[in-house]
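Going from the sequence shown to my numbering is simple: count from 1 and add 199.
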Amino acid sequence: MSSFDQTALEGLEREAQRRRIAFADGQVSWRRFGSGPSMVLLHGGHGRWTHWARNIRAWAAHFTLWIPDLPGYGDSDKPLEPSMDALVTATLETLDAVVPRGMPLRLAGFSFGALVAAHLALRRGAIHQMVLLGPAGHGGARRPRGELRSWRELPKGGAAWTEAMRHNLAMHMFHDPANVDVQALAIHSQACERARFNSKPLSRAGGLGRCLQGYTGPLLLAWGEHDVTAHPSLAAAPLMEGRRHARACIVPNAGHWVQYESAERVNELVLSWLLSTDHEQS
200 MSSFDQTALE GLEREAQRRR IAFADGQVSW RRFGSGPSMV LLHGGHGRWT
250 HWARNIRAWA AHFTLWIPDL PGYGDSDKPL EPSMDALVTA TLETLDAVVP
300 RGMPLRLAGF SFGALVAAHL ALRRGAIHQM VLLGPAGHGG ARRPRGELRS
350 WRELPKGGAA WTEAMRHNLA MHMFHDPANV DVQALAIHSQ ACERARFNSK
400 PLSRAGGLGR CLQGYTGPLL LAWGEHDVTA HPSLAAAPLM EGRRHARACI
450 VPNAGHWVQY ESAERVNELV LSWLLSTDHE QS
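This is the structure in structure tokens:
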């Protein structure tokens, strides 16, 4: 994996067009990049928009990217009710303000964000294409690599705090611990600090397959070969069943945060699939 420039996040933040859009309990922060057809990117649990840091520039060359901090994460306010319905409703209401309902839309979701994307597709409609990376909610077996370390009571920024963050990335998000670079550590640490919505019980409850039954458009599923949240081939089979326009891929030598650890490969995979299936539907 090539090293990610430590100044890249600051550069992306400067390039972003930011909007804060109201919902019933507060505001959701959205960032816009690029130009072209609209595409929404939804981050994972304990995440924020920076989960897509190594993908934004490649995809923004072809699409207008709308990337929120989901409600209760990053710069966005938390819904009063800690439920999937409340989170999806807030996301949907604010999404409708940036991409009016009825306009064709592409969705990409990572981990918990993939489950949110499936719920959005079911409720909004007019989803042109959907990309789900390491999706949560599949309801199948997981294969944890090791115990995660608690960091909340440790002095922020201290050696023990930093080591806990690094350990958790190596256990849960990456296949090769050597790929946990300084930027990944910064992204993960900042996102964890600002995560106020508990996604774990919703991810573990399943429901991805049920949501996807209501979506019949082109679907790309991708996992890292060593994703600890699923057995990729087993998780893919029921999600692919009966679909005409679906593809499932396993990215070699990658873990759960596949679009970061194998960014170049995933960027090529996603863009190739989006552009080819878009042509097929034209």
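A virtual CB, placed ideally from N, CA and C, is assigned to each residue, including glycine.
List the whole-angstrom C-beta distance separating residue i from residue j, where the pair is believed to meet the contact cut-off of C-beta under 8 Å.
i	j	result
Q226	S275	7 Å
G273	W248	6 Å
G233	A259	3 Å
S310	G243	3 Å
W251	L269	The pair is not a contact, with the Cβ atoms about 12 Å apart (cut-off 8 Å).
D426	G408	Not confirmed; about 18 Å, so no contact.
V465	A421	7 Å
F262	P299	Contact doesn't hold; Cβ gap of about 17 Å is too wide.
R344	H430	Not really, about 13 Å apart at Cβ, beyond 8 Å.
F222	A316	About 18 Å separates the two Cβ atoms, so there is no contact after all.
The beta strand (DSSP E) that contains residue i, what's its start and end?
i	result
R231	225-232
G210	Segment 207-214 is the alpha helix (DSSP H) holding G210; no beta strand (DSSP E) there.
L304	304-309
R446	445-450
Checking the sheet assignment: what are the DSSP bridge partners for residue i?
i	result
T263	S237
M329	L306, L418
I220	V227
G423	V450
In terms of alpha-carbon separation, which member of the options lies closest to residue i?
i	options	result
W265	W456, R300, L294, M283	L294
G336	A404, P236, F222, E362	A404
I165	L419, R442, M370	Outside the modelled stretch of the chain, which goes from 200 to 481, sits residue 165, for which no answer is possible.
L370	F396, L474, T428, S398	The sequence given here has Met at residue 370, not Leu. M370 has its Cα closest to that of T428, out of F396, L474, T428, S398.
Y414	L347, G441, A447, P400	G441
G338	L321, H444, A436, D477	A436
V287	C391, P303, L314	L314
P417	E212, E467, G423, I326	I326
G423	C391, H444, Q458	Q458
N397	R256, M283, A289	M283
H366	P354, L347, V381	L347
N452	E362, I255, A377	A377
R256	L368, L470, H444	L470
M302	A434, A445, G324	G324
N254	A447, H318, L468, G406	L468
H318	G406, V381, E212, H444	G406
Do the CB positions of residue i and residue j come within less than 9 Å of each other?
i	j	result
V297	W229	yes
D333	W472	Note that residue 333 corresponds to Gly in the displayed sequence, not to Asp. Not a contact, by the Cβ cut-off of 9 Å.
S388	M364	yes
A385	H245	no
R351	Q328	no
I220	E280	no
E463	D375	no
P267	D224	no
F373	A359	no
L321	C391	no
M238	A307	yes
L438	A340	no
R231	R218	yes
At what residues does the alpha helix (DSSP H) containing residue i begin and finish?
i	result
Q382	381-392
V457	457-460
A363	358-367
V287	283-297
L401	399-403
L433	431-439
G408	407-411
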